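Engineer: In the UniProt record's numbering, the protein residues as written are 1 to 206.
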Amino acid sequence: MAGNHEYYGHGYRSKQAQIRARAKDLGIHFLECSSDVLKGVRFLGATLWTDYRLFEPHYSQPLAMHEAKEKLNDHRLIRMERGAFSPADALAIHAQSRQWLKDELAKPFDGKTVVVTHHGSHPNSVHEKYTDDLLSAAFVSDLGDLLQGADLWIHGHVHDSFDYQIGRCRVIANPAGYVLNRRSINSINEAQFENSEFNPRLIVEI
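1) What are the start and end residues of the beta strand (DSSP E) that includes W153?
2) Here's the rule I'm using: 16 or more other beta-carbon atoms within 10 Å means buried, otherwise exposed. How should E104 be labelled?
3) Can you give me the C-alpha to C-alpha distance between M1 and Q99, rounded to a whole angstrom?
4) Note down the Cα distance separating L202 from H157, rounded to an integer number of angstroms.
5) Short of 7 angstroms in beta carbon distance, which residues of its chain neighbour F55, apart from the five on each side in sequence? Order them along the chain.
6) Would you check if there are 3 or more beta carbon pairs closer than 8 angstroms linking the region 106-117 to the region 45-59?
7) Going straight from the alpha carbon of Q16 to that of Y7, what length do you get?
8) Please give me, in chain order, every unbroken run of the alpha helix (DSSP H) with length at least 4 that falls completely inside the region 17-73.
9) I'd like to confirm the pairing. Which residues does DSSP put opposite D145 in its beta bridges?
10) Compare the beta carbon distance of H155 and N195 with 7 angstroms and say whether it is the shorter of the two.
Here it is in structure tokens:
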């Protein structure tokens with residue numbers, strides 16, 4: 001699965017095609033509006049992006065999109081065919097991904113279902129220090145209606161750890177965050193991660 005940074009310095013469509021082809025060559029399952037079944041567990045995945053509606057009705061979707069355009073590197077470092085990757089592009093891809101997930105989760109499956117997305121899927125994945133930050137709407141959407149179709153939902157993009165239950169679905173985020181001392185280390189073993197709660201040995205039982 002690709003996050004937003006994988007597309008930095010590249011065209012969105014061409015880079016995605018490159019990742020997909022390389023993953024196929026390496027025998028890796030690349031999840032982008034695609035699924036796989038491993039040992040009886042169904043995995044569904046997409047980068048997802050967001051709908052920018054996290055703070056409605058207090059802050060409008062257009063206002064959140066404007067904030068993202070002004071402050072996120074996504075809209076300076078990713079290209080589309082006609083120019084820069086815009087919040088409107090992210091919103092359109094989110095709508096497609098969300099519909100795909102809805103359709104897939106509605107299909108009967110005799111086993112556990114795990115959804116993997118880069119962007120967050122529930123407001124509970126916003127740390128309290130960011131609850132008033134309008135940019136959070138570019139990190140997390142409220143997909144509470146879809147969570148009930150999954151047993152486990154794993155996501156990234158946020159830089160804080162989360163582990164909570166929404167109905168039948170467990171939601172987990174276990175990000176390392178940025179490497180704070182990346183300019184002065186010789187190996188990853190010396191890294192000081194932004195998220196002090198990151199657990200590199202986390203195992204989740206489904």
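C-beta atoms are modelled at their ideal positions from N, C-alpha and C, and glycine is treated no differently.
Everything numeric in this text was worked out from a predicted model, so none of it was measured.
Structural biologist: Answer, in terms of the structure:
1) Along the sequence shown, one-based indexing puts residue 153 at 153. Residues 152-155.
2) For this step, residue 104 is matched to residue 104 along the sequence shown. Flag for E104 reads buried.
3) As a first step, residue 1 is located in the sequence shown; it is residue number 1 there, counting from the start. As a first step, residue 99 is located in the sequence shown; it is residue number 99 there, counting from the start. Answer to the nearest angstrom: the Cα atoms are 18 angstroms apart.
4) Against the sequence shown, residue 202 aligns to sequence position 202. Against the sequence shown, residue 157 aligns to sequence position 157. When rounded, the distance between both Cα atoms is 17 angstroms.
5) For the purposes of this step, residue 55 is taken as the residue at position 55 of the sequence shown. Excluding sequence positions up to five before and after F55, its CB lies within less than 7 angstroms of the CB of A64, L134, A137, all in the same chain and listed in chain order.
6) Contact between the region 106-117 and the region 45-59 is established, with three or more Cβ pairs separated by less than 8 angstroms.
7) Locating residue 16 in the sequence shown gives position 16, counting from the first residue. Locating residue 7 in the sequence shown gives position 7, counting from the first residue. Going by the C-alpha atoms only, they are around 8 angstroms apart.
8) 61-71
9) Residue 145 sits at position 145 when you count from the first residue of the sequence shown. Bridge partners of D145: none, in fact.
10) On the sequence shown, residue 155 is found 155 positions in, with the first residue counted as 1. On the sequence shown, residue 195 is found 195 positions in, with the first residue counted as 1. Cβ distance not < 7 angstroms, so H155 and N195 don't count as in contact.
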